[in-house]
């Protein structure tokens with residue numbers, strides 16, 4: 500009988516392995532020496548030990564999933580329990596027990612990490628839903644709002660999954676927000692289309708009126724109406740781009756037709772009025788010789804004669820009208836001012852009032868000088884000061900009054 504620390508071969512060739520629970524037959528050997536039998540069954544043990552070692556390395560050196568690792572441990576436990584091998588099977592069982600503890604620890608770590616990830620994912624998805632609901636309630640930038648909602652859906656898909664109930668509830672809110680945004684956008688553009696249709700009708704009326712006036716020869720009144728129509732066009736708002744472009748082309752064509760015709764008529768008229776402008780240039784030069792006015796009556800007579808010739812000369816081109824009329828008006832204003840000055844000088848009532856003012860001030864000064872003399876004789880300093888101040892004031896007034904009176908001389 501051959502023996503080994505972990506097994507033996509009986510005389511009848513039966514091979515036994517020793518375990519903590521006692522001996523267990525693992526096979527029979529009839530073909531050779533007992534040592535050969537033990538060597539064979541030791542190799543079987545080494546194979547099992549190698550599998551256990553490999554699992555240890557995978558579990559400690561990789562991120563082997565706990566469920567897969569536990570399945571491997573169960574399989575090896577069964578293999579060890581039924582092993583036809585000789586060796587320290589109890590040690591293998593113990594090593595597998597250690598691995599089970601490690602797997603349990605890793606399972607807890609994975610669960611904790613998963614819980615953290617789910618909590619973070621829940622926070623991310625709650626943020627996504629909150630932003631989507633805010634967009635649905637508030638955003639009026641429809642293009643960017645729709646694009647952002649699509650981005651939020653992609654962010655949702657990229658986030659970790661959470662518990663089924665919460666996931667479903669949040670997804671329902673996200674879907675509702677997207678639907679609400681789509682409905683609000685649709686309602687806005689429907690209202691916008693209705694508004695643009697109203698603008699189109701208004702501008703069609705404006706264009707019809709502009710086209711009806713395009714052949715008018717009432718230049719002043721029609722030009723004013725076109726300006727009013729332009730203001731109405733600007734305040735009406737915008738129709739659809741296609742309608743806006745078509746209506747504006749019609750409006751501009753009508754307007755251009757009128758103003759081009761008016762410009763042609765005015766250009767022809769201005770050419771015929773050039774001779775009148777030459778006459779008025781000469782008359783203006785003659786009128787300016789009246790200045791400065793030395794005799795208002797003579798100046799007025801000369802200007803009156805000149806004005807008769809001015810009116811007889813007729814109209815002038817528009818670009819010269821303001822300058823010529825302004826120059827003549829300047830001469831007329833100077834003559835009128837000279838006439839007013841002359842009238843003031845010759846007005847007897849005004850002269851009498853000026854003389855009366857001078858007489859009153861002279862009389863008042865005489866009284867104050869008498870009062871001052873009495874105060875000086877009596878040595879009353881206060882009365883002296885008051886009298887002197889009053890006399891000084893009235894003498895100043897008298898100088899002004901005498902200058903006014905001199906103008907009537």
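In the working numbering, the protein residues as written are 500 to 908.
C-beta: ideal position from N, C-alpha, C; glycine also.
Small disclaimer: the values here were computed from a predicted structure and weren't measured.
Check                                                                                                                        : Outcome
Neighbourhood of residue 799 by C-beta distance below 7 Å, restricted to the same chain and skipping five residues each side : 834 and 838
Top-ranked residue by Cα proximity to residue 698, from 726, 708, 647 and 739                                                : 739
Collapsed DSSP secondary structure at residue 619 in the structure displayed                                                 : helix
With 16 other Cβ atoms within 10 Å as the buried cut-off, status of residue 853                                              : buried
Three-state secondary structure (DSSP) of residue 665                                                                        : helix
Pick from 581, 622 and 672 that is closest to residue 659, judged by C-alpha positions                                       : 622
Contacting residues, own chain, Cβ-Cβ under 7 Å from residue 894 (five flanking each side not counted)                       : 864
Segment contact, 8 Å Cβ cut-off, at least three pairs: the region 557-570 with the region 540-549                            : no
Proximity test, residue 827 beta-carbon vs the ligand FAD heavy atom, cut-off 7 Å                                            : By its list of ligands, the structure shown contains no ligand whatsoever, and the ligand FAD lies outside what it can speak to.
Euclidean distance between Cα positions of residue 644 and residue 634                                                       : 6 Å
For residue 513: DSSP bridge partner residues                                                                                : 527
Residue 508: first and last residue of the uninterrupted beta strand (DSSP E) it sits in                                     : 506-508
Simplified DSSP assignment, three categories, for residue 522                                                                : strand
Which residues DSSP lists as bridging residue 503, in chain order                                                            : 506
CA nearest to the CA of residue 503, picked from 773, 807, 535 and 887                                                       : 535
Presumed contact (8 Å Cβ cut-off) between residue 782 and residue 809, rounded CB distance                                   : 5 Å
Cβ-based neighbour list, residue 728, same chain, cut-off 7 Å, excluding 5 preceding and 5 following                         : 705, 708 and 709
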